[in-house]
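Numbered according to my numbering, the sequence shown spans residues 1 to 389. Glycine included, every Cβ here is placed at the ideal spot set by N, Cα and C.
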Amino acid sequence: MNGNRLALIFTFLLGIFIGVAGGAAAGGLVGFLVSQQTLAQVTAKVSAIDTRPVNTVTQTPPSSSTVNEAVVVSLSDAMVAAVKRVAPAVVTITVEGRTGRGSGSGVIISEDGYIITNNHVVSDGNRYFVLFADGTRRQAELVGTDSLNDIAVLKVSGEVPGVAVIGDSSALQPGETVLAIGSPLGNFRNTVTAGVVSALNRSVPGSGMEGLIQTDAAINSGNSGGPLINLKGEVVGINTLVVRNDVGFGTMTPVEGLGFAVPSSIFSNVADQIIRTGQVRYPFLGITYLMIDGEVAAEYNLPVQNGAFISAGVNGQSAVLPNTAAAKAGLREGDIIVAVNDQRLDGNVSLRQLLLQYRPGDTVELTILRDGQEQKVSVTLGERPSNLR
């Protein structure tokens, strides 16, 4: 197996709960098209008795620099409007614990005072304080956490200065402009950085996380837990980590512009269940798999470019664990899962994201590719053991 490959074999000993996304499902790509009206030739009118030559007046089309300036202005205006829409809902979180104090960012998702942030922001704390965009400060309570997807939910009492709208991360496209908002170093409140969606459905070696949005928007210490927004001002991700250098990627060379966010398709479901029950229950398939991309497909000579390839782990994990939901359904090493209840896996949607829609005990129909032929397999999902990441 190629050690430099960014694809990571994950043991899918994960439990995935059903959640109802708490926000709007109407995210999407915002495009800016600068159209140039057809410049018609304008001919001066003359009277029938006028025998003078007819003068032809041709309008000069705008220069390319003028068009480029219009694009920049339009994009800038859209960015400003997006930030204004979400900024009142962005908060700075201060955490006090036995080991000292820390800080992070978060975003208000309901008028009831629920705030989403990262699990790693709050995990070492026992007291939590929220600083709002209007400068007011309140103590918060911890509702629940999810270490698997690095999501936590806090709650404050009383009125809140703003509530963010949750967008549709599955509508994002590489190259789309996004904005990260947070409080780097805990001091520079509601700092905005701009970038693009570099890639979708990413996995980060050693994190156990998948389906992440990769962005080059600058993310610094203290930005964790803050929102990643589209140009509609909708929250499409929660900023979770940035890679500076990492031996997991085969290099210690410093890198820039390698940030990752948990997509709304994951965090909204996780947060919803935390709010309703205080915990997250995940279904349990019991497989080890690779998310397929072009590199994985080429390395393993696979017939498809998208899907979940069931394969033994690098550390000796079984491809299909015995006595699990997958084993009982007859899944085996070499199978490729290409759909869940007819929802296809693609470059934007991971297996985890699809299964997040279901609860332990639900029966789903997997479409698998085996020996070059598609077939349907019914699987009753188990529950992920609590001691597994």
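Integer Cβ distance of residue i from residue j, believed to fall under 8 angstroms
i: residue 261; j: residue 229; result: Not quite, the Cβ-Cβ distance comes to about 10 angstroms (not below 8 angstroms), so this is no contact.
i: residue 239; j: residue 167; result: With 8 angstroms as the limit, residue 239 and residue 167 do not qualify as a contact, their Cβ atoms being about 15 angstroms apart.
i: residue 215; j: residue 259; result: 5 angstroms
i: residue 303; j: residue 372; result: 6 angstroms
i: residue 133; j: residue 231; result: That pair is no contact at about 20 angstroms.
i: residue 146; j: residue 280; result: 5 angstroms
Continuous alpha helix (DSSP H) stretch holding residue i: start and end
i: residue 353; result: 351–355
i: residue 272; result: 264–277
i: residue 410; result: Residue 410 lies beyond the residue range present for the chain, which begins at 1 and ends at 389; the question has no answer from this structure.
i: residue 218; result: Neither: residue 218 is in no alpha helix (DSSP H) and is coded neither H nor E.
i: residue 320; result: First-last for residue 320: undefined, no H or E at that position.
i: residue 187; result: Residue 187 -> no alpha helix (DSSP H), and no H or E assigned at all.
i: residue 122; result: 119–122
Sub-8 angstroms separation of residue i and residue j beta-carbons
i: residue 172; j: residue 192; result: no
i: residue 144; j: residue 226; result: no
i: residue 264; j: residue 353; result: no
i: residue 326; j: residue 287; result: yes
i: residue 184; j: residue 220; result: yes
i: residue 169; j: residue 236; result: yes
i: residue 319; j: residue 379; result: no
i: residue 333; j: residue 350; result: no
i: residue 118; j: residue 224; result: yes
i: residue 115; j: residue 91; result: yes
i: residue 153; j: residue 93; result: no
i: residue 176; j: residue 196; result: yes
i: residue 360; j: residue 331; result: no
i: residue 124; j: residue 209; result: no
i: residue 307; j: residue 355; result: no
i: residue 284; j: residue 384; result: yes
i: residue 363; j: residue 376; result: no
i: residue 89; j: residue 194; result: no
i: residue 157; j: residue 113; result: yes
i: residue 198; j: residue 241; result: no
i: residue 336; j: residue 309; result: yes
i: residue 365; j: residue 341; result: yes
Beta-bridge partners of residue i, as assigned by DSSP
i: residue 337; result: 308, 368
i: residue 234; result: 165
i: residue 98; result: DSSP output for residue 98 lists no bridge partner at all.
i: residue 140; result: 128
i: residue 291; result: 308
i: residue 394; result: As shown, the chain starts at 1 and ends at 389. That puts residue 394 outside it, with no answer to give.
i: residue 114; result: 155
i: residue 383; result: 283
i: residue 76; result: DSSP, once it has assigned bridges, lists no residue as partnering residue 76.
i: residue 92; result: 105, 131
i: residue 363; result: 380
i: residue 206; result: Note: residue 206 sits in no beta bridge, so no partner.
i: residue 239; result: 261
Where the beta strand (DSSP E) through residue i begins and ends
i: residue 180; result: 177–182
i: residue 152; result: 151–155
i: residue 374; result: 373–380
i: residue 345; result: From DSSP, residue 345 is part of no beta strand (DSSP E); its letter is neither H nor E.
i: residue 229; result: 227–229
The region 128–143 in contact with the region 91–109 per 3-pair CB rule at 8 angstroms:
Result yes; three or more Cβ-Cβ pairs closer than 8 angstroms.
Whether or not the region 343–363 and the region 280–296 are in contact is what I'm after, with contact meaning three or more pairs of Cβ atoms, one per stretch, closer than 8 angstroms; do they touch?
Result yes; three or more Cβ-Cβ pairs closer than 8 angstroms.
Taking 8 angstroms as the cut-off, does the region 81–98 touch the region 199–210 (at least 3 CB pairs, one atom from each stretch)?
No: the two stretches stay apart, fewer than three of their Cβ pairs being nearer than 8 angstroms.
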